[in-house]
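Visitor: Once you've had a glance at the structure underneath, I'll fire off some questions.
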Amino acid sequence: MTKITKTDAEWRQALSPEAYRVLREHGTERAGTSPLNLEKRKGVFACAGCGKPLFNSDTKFESGTGWPSFWAPMSPDAVATSEDRSWLMRRTEVHCADCGGHLGHVFPDGPEPTGQRYCMNGVALAFKPGGAD
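To convert, count from 1 in the sequence shown and add 2; that's our numbering.
In structure tokens, the structure reads:
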């Protein structure tokens, strides 16, 4: 259940067309296009839709997939998941727990300590250097 609700018109006004396509229409940005792939500074990756802190930079790793990847969210209640059966596959879709925005998918092929790979669309994230506000 999402905590932040907006009308479609409000989301369209608040987000860029690409962020709207990904966050609200469950789209995927092209691999390798996000500047966040190269982000190495300490900080927090937040939802681009509502600003909720989602991932700490300490959990970011280079997965080689072309999308920012993390081995764990900041807290268990930062993200929510649901089953995604599109593209003739079964995957676990990851959403912002506050606004319900589509972030990407999580796969069981990440590094220790969790073994998880949260493969996120960079356009669905906003980087805040140094930490959360």
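The beta carbon of each residue, even a glycine, is placed where N, CA and C say it ideally should be.
Everything numeric in this text was worked out from a predicted model, so none of it was measured.
1) Pick out whichever of E114, F109, D60 has its Cα sitting closest to the Cα of D86.
2) Excluding sequence positions up to five away, which residues of its chain have a Cβ less than 7 Å from the Cβ of E181?
3) Mind checking whether A48 and L25 have CB atoms under 8 Å apart?
4) What number of angstroms, rounded off, separates the C-alpha of G132 from the C-alpha of R92?
5) For a quick check, are the C-beta atoms of W73 and R23 less than 8 Å apart?
6) Buried or exposed: which applies to K54, given that a residue is buried once 16 or more other Cβ atoms fall within 10 Å of its Cβ?
7) State the beta-bridge partners of E95 as determined by DSSP.
8) Can you pull the DSSP bridge partners for G45?
Guide: Reading from the atomic positions:
1) F109
2) A question about residue 181 goes unanswered here, because the residues of the chain that appear run from 3 up to 135.
3) no
4) 36 Å
5) no
6) buried
7) S84, H107
8) P131
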